[in-house]
Amino acid sequence: NIVGARVVIDGHEVGKTPIESFETPPGTTKLEIRASNYQDLKTDITVHGCGKLQEFNMALLPGWSDVTVSSVPQGATLKIDGKSFGNTPLRIQLAAGAYLLEISADLYKTWKHRLVVKPNDPLEIKDIRLQPADGKLTVKTKPSGASVMIGGTFMGQTPLVVDLFPNTDHVVRISKAGYEKATRNVNVPSATSTQLDVDLKPREGIIRLWLNPADTELLVNGKSWGVPPKQLQLIAVEHILEFRKKGYHSYRTRITPRPGFPQELKIALAKESVSNKATSLIITTPTGYRLKLIRPKTYTMGSSRREQGRRSNETLRKVKLTRPFYMGLQEVTNKEFKEFIVGHHSGMFKSEHLNRDDQPVVRITWEQAALFCNWLSAKESLSPAYSKKGEKLIAVEPLNTGYRLPTEAEWEYCARFTHTQISLKYPWGHKFPPKQLSGNYSDQSAKDLLSNVLEGYNDQYATTAPPAKFKPNGLGLYDMGGNVAEWCHDYYSIYSYAPEKLYVDLVGPVYGKHHVIRGSGWKHGSIGTLRLAYRSYGDDKREDVGFRVCRYLK
1 NIVGARVVID
11 GHEVGKTPIE
21 SFETPPGTTK
31 LEIRASNYQD
41 LKTDITVHGC
51 GKLQEFNMAL
61 LPGWSDVTVS
71 SVPQGATLKI
81 DGKSFGNTPL
91 RIQLAAGAYL
101 LEISADLYKT
111 WKHRLVVKPN
121 DPLEIKDIRL
131 QPADGKLTVK
141 TKPSGASVMI
151 GGTFMGQTPL
161 VVDLFPNTDH
171 VVRISKAGYE
181 KATRNVNVPS
191 ATSTQLDVDL
201 KPREGIIRLW
211 LNPADTELLV
221 NGKSWGVPPK
231 QLQLIAVEHI
241 LEFRKKGYHS
251 YRTRITPRPG
261 FPQELKIALA
271 KESVSNKATS
281 LIITTPTGYR
291 LKLIRPKTYT
301 MGSSRREQGR
311 RSNETLRKVK
321 LTRPFYMGLQ
331 EVTNKEFKEF
341 IVGHHSGMFK
351 SEHLNRDDQP
361 VVRITWEQAA
371 LFCNWLSAKE
381 SLSPAYSKKG
391 EKLIAVEPLN
401 TGYRLPTEAE
411 WEYCARFTHT
421 QISLKYPWGH
431 KFPPKQLSGN
441 YSDQSAKDLL
451 SNVLEGYNDQ
461 YATTAPPAKF
471 KPNGLGLYDM
481 GGNVAEWCHD
491 YYSIYSYAPE
501 KLYVDLVGPV
511 YGKHHVIRGS
521 GWKHGSIGTL
531 RLAYRSYGDD
541 KREDVGFRVC
551 RYLK
């Protein structure tokens, strides 16, 4: 029934319909008839032979279907796979297959539908009701950055453009910390744009100041106010206040004004005790703890992927230290820490004491170590390096000259220092295992306490040793490897590999869950954990984690 259909016998094309006759050997023969827009016909025919003429009539089935489309309103544009086919209502023929239908009209949303057409199976897509096009609402506030909720759904922060169902009342709720909440009702016509401008009313609190010296300069969130008035009126969000005067130590604090509840701040700046002309190489705290001046330098943190024992969190990164700092000569002892927390007890590990006065303090949290640093700062009238934010203790920004924990970058620089271009791999040098009495590690004296000890090595201390019992490193610092691992200032993070990036005065991420722990201790005895690039993390107390103290020179 089709003119021009291709006729194939046993895989060989013999012509196109209509064919008057052709010869083929007797027997069963495979017949195929193929025509555009029709389903292929495949069948077996029996040829009798003997010169007899046989006639075969075949009917091909359509390979398409009629598709009828109508819409409300009529006259909408129909597109199939992006190609326009006309306006509704209309009937078209589509070959079998999958299609994307789109029906669109001015002032209405485009309707989209995935359609599967089967051969010889007509389809009717009837009375598709197009929905009115959304209206666009632009929300702007003074100040910007306010959160916008519409119908209980968070839409984003201002300035903001959102699509809204048209000709319907919507409740827009706007909020920003430190400002009164605002509520507006909007109704946006279809396919139009409306702008909502809202001036937020600030919620302010009063801060009363008593300053000594009286001409102290105030910076609020880094912006100078000069010599401030005796009463500040500030928006009720957290502010960083910094008080400074030449010849005095700066003081930095955080405060959140409370509307209706005035607060008072009494600030007395301490005079600088260290002359810039005669910087001390060694300083001593009022408790007797000593720190050494370290000059800044650029170096490479981390380890190569080829290094034996390397872990995936030891990404190589180039770090530049720009501020001179003081690093504790040794780890803080139980005796020193008990001046801060009288009742602290480092306890025992199995049968071994950890609580003697001359042993390094252990079983302390990161926060306890940081608060010890603040306590030292208070003794010298230095601004604290850490402050409370809610339930969390966080570092002030930028870091001041108060006592604090070493940043991870400072710690690794000091631990791996050499007078050559090659950083130390291990605390004792570049080869494993350690030389005798090179540090306090998991050794033969601890074989009854620990399962993994260094073969043939004995440092004569089963657990912690008094700080400075072993040789110092190239900077004159003790136990940068061994004895106890040490809390660092930074939140823990895994850095991505970026060889072209230079990290300047790296202090870690602003937020995090855990803090960095660096260095090996008396429980470590493997190639991986004894390397100076080894990184760990935590926040809880451990019998093999202590700390040392650090601070910037200026």
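Count the sequence shown with the numbering used here and you get residues 1 to 554, in order. For every residue, glycine included, the Cβ atom is placed at its ideal position computed from N, Cα and C.
If you draw a straight line from the C-alpha of residue i to the C-alpha of residue j, how long is it?
i, j, result
"Pro286", "Leu200", "50 Å"
"Glu380", "Gln359", "25 Å"
"Ala498", "Arg317", "7 Å"
"Lys142", "Val198", "7 Å"
"Leu107", "Asp539", "59 Å"
"Ile9", "Arg34", "12 Å"
"Gly476", "Asn452", "30 Å"
"His430", "Arg305", "16 Å"
"Ala5", "Thr17", "5 Å"
"Asp66", "Asn37", "12 Å"
"Gly309", "Glu180", "57 Å"
"Phe56", "Pro73", "51 Å"
"Ile282", "Lys554", "15 Å"
"Leu60", "Gly49", "26 Å"
"Val507", "Pro427", "23 Å"
"Pro26", "Lys42", "19 Å"
"Pro433", "Ile267", "55 Å"
"His524", "Thr463", "11 Å"
"Ala465", "Gly288", "19 Å"
"Gly439", "Arg252", "40 Å"
"Phe349", "Asn334", "15 Å"
"Glu264", "Lys223", "21 Å"
"Ser445", "Gly347", "19 Å"
"Arg290", "Ser377", "14 Å"
"Ile2", "Ala76", "36 Å"
"Val139", "Leu160", "5 Å"
"Ser303", "Glu408", "14 Å"
Can you tell me whether residue i is buried or exposed, with buried defined as 16 or more other CB within 10 angstroms of its CB?
i, result
"Cys488", "buried"
"Ser21", "exposed"
"His566", "There is simply no residue 566 to check, as the chain begins at 1 and stops at 554 in what is shown."
"Gln330", "buried"
"Gly145", "exposed"
"Ile212", "The sequence shown places Asn at residue 212, rather than the Ile named in the question. It is exposed - the Cβ of Asn212 has fewer than 16 other Cβ atoms within 10 Å."
"Pro257", "buried"
"Glu336", "buried"
"Val117", "buried"
"Asn221", "exposed"
"Pro384", "buried"
"Lys581", "Outside the shown range of the chain, which is 1 to 554, sits residue 581, and nothing can be said about it."
"Lys392", "exposed"
"Glu23", "exposed"
"Val342", "exposed"
"Ile19", "exposed"
"Asp459", "buried"
"Gly11", "exposed"
Can you check whether the CB of residue j is closer than 9 Å to the CB of residue i?
i, j, result
"Glu238", "Lys389", "yes"
"Leu100", "Leu90", "no"
"Ile103", "Lys126", "no"
"Tyr491", "Val510", "yes"
"Gly205", "Glu217", "no"
"Met149", "Val186", "no"
"Thr194", "Leu137", "yes"
"Asp443", "Val484", "no"
"Ser496", "Val516", "no"
"Tyr552", "Phe325", "yes"
To which residues does DSSP link residue i through a beta bridge?
i, result
"Gln635", "Since the displayed the chain opens at 1 and closes at 554, residue 635 lies outside it and no answer follows."
"Arg538", "Sequence check: residue 538 is Gly here, not Arg. Paired residue(s): His515."
"Asp197", "Lys140"
"Trp594", "Because the chain here runs from 1 to 554, residue 594 falls outside it and cannot be looked at."
"Ser224", "Leu219"
"Gly328", "Leu291"
"Thr153", "Ile150"
"Pro398", "The partner list for Pro398 (beta bridge, DSSP) is empty, contrary to what the question assumes."
"Tyr386", "Ala395"
"His419", "Partner(s): none; His419 has no beta bridge."
Using CA coordinates, which residue listed in the options is at the minimum distance from residue i?
i, options, result
"Thr183", "Cys550, Ser175, Leu60", "Ser175"
"Arg531", "Arg518, Leu41, Lys541", "Arg518"
"Arg295", "Glu486, Met327, Thr315, Val3", "Met327"
"Gly247", "Ile240, Glu272, Pro228", "Glu272"
"Asp81", "Asn87, Met58, Lys112", "Lys112"
"Gly521", "Gly156, Trp210, Met480, Tyr403", "Met480"
"Pro262", "Gly97, Leu232, Ser423, Met58", "Leu232"
Any chance the CB of residue i is under 8 Å from a heavy atom of the ligand COA?
i, result
"Cys373", "Inclusion of the ligand COA in the displayed structure is not the case, the ligand content being empty and no account of it being possible."
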